Amino acid sequence: MASVGSSAIYLYGASTPDLTAAMWAATVYGIPLKNITGELHVANTWVGDNDVVIAVGATALNYVLAQDSSYSNFCSYQAKASAGTVGPIDACGADSLDSWKLAYAQVEAALNGTYPSDYTSATPCDYNGVACTT
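Residue 296 is where the sequence shown starts when you use my numbering, and the numbers rise one by one after that.
Take a look at the structure:
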C-alpha cells in the first residue's frame with residue numbers, strides 16, 4: 296500500500312476540540328507542528344496543492360469541502376493516492392473523541408499503509424449525506 300512520511304502529512308481542525316485532537320495525533324506520530332492548523336485558508340492551500348490533508352472533525356470537513364465543489368471526500372490516504380484527484384482525508388467523528396481516533400487511524404494509514412487495530416472503535420460522523428470516495 297502507498298504511504299508517506301510524517302513531514303508530508305497535514306492536519307486541520309476548525310474547532311478547539313478538533314484542533315486539539317489534531318495536535319495529539321500529530322504528537323503521537325512526530326508530525327511537525329507547522330503541519331497543523333486551525334486556519335481554513337492555510338488548510339485550503341494545502342488541499343489545493345494536493346497535499347495529504349486530514350480534516351479532523353465535522354466543522355473542518357465542512358469548511359474544506361465548501362471551498363471548492365471539485366474536491367473529493369476521501370476515506371483514506373490509499374483512496375486519495377489511487378484517485379489522483381484533490382480533496383481532504385476524512386477524520387470526521389461522531390464526537391471529538393471519535394474524531395481524534397479517526398485522525399490517529401488516518402495518520403497511521405498514511406504512514407504505514409494499514410489502519411491500527413482499534414480503527415473500528417471510532418464512530419464516523421454522518422456528514423450531510425456526503426460519502427467518502429473509496
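Glycine included, every Cβ here is placed at the ideal spot set by N, Cα and C. Note that the structure is predicted; figures quoted are calculated from it, not measured.
Residue i - DSSP class collapsed to helix/strand/coil
i, result
"residue 325", "coil"
"residue 385", "strand"
"residue 343", "helix"
"residue 411", "coil"
"residue 350", "strand"
"residue 332", "strand"
Burial state of residue i, where buried means 16 or more other Cβ atoms lie within 10 Å
i, result
"residue 306", "buried"
"residue 371", "buried"
"residue 317", "buried"
"residue 314", "buried"
"residue 360", "buried"
"residue 339", "buried"
"residue 392", "exposed"
"residue 385", "buried"
"residue 405", "buried"
"residue 355", "buried"
Start-to-end residues for the beta strand (DSSP E) that takes in residue i
i, result
"residue 307", "304-308"
For residue j and residue i, the rounded distance between their alpha carbons
i, j, result
"residue 396", "residue 410", "11 Å"
"residue 336", "residue 343", "10 Å"
"residue 328", "residue 302", "10 Å"
"residue 416", "residue 373", "20 Å"
Extent of the continuous alpha helix (DSSP H) run through residue i
i, result
"residue 366", "Neither: residue 366 is in no alpha helix (DSSP H) and is coded neither H nor E."
"residue 377", "372-378"
Own chain, CB closer than 7 Å to residue i, minus 5 neighbours either side, in chain order
i, result
"residue 320", "306, 395, 398, 399 and 402"
"residue 331", "306, 317, 318 and 321"
"residue 324", "301, 402 and 406"
Close beta carbons around residue i, own chain, < 6 Å, minus the five adjacent residues each side
i, result
"residue 358", "309 and 335"
"residue 383", "342, 348, 350 and 359"
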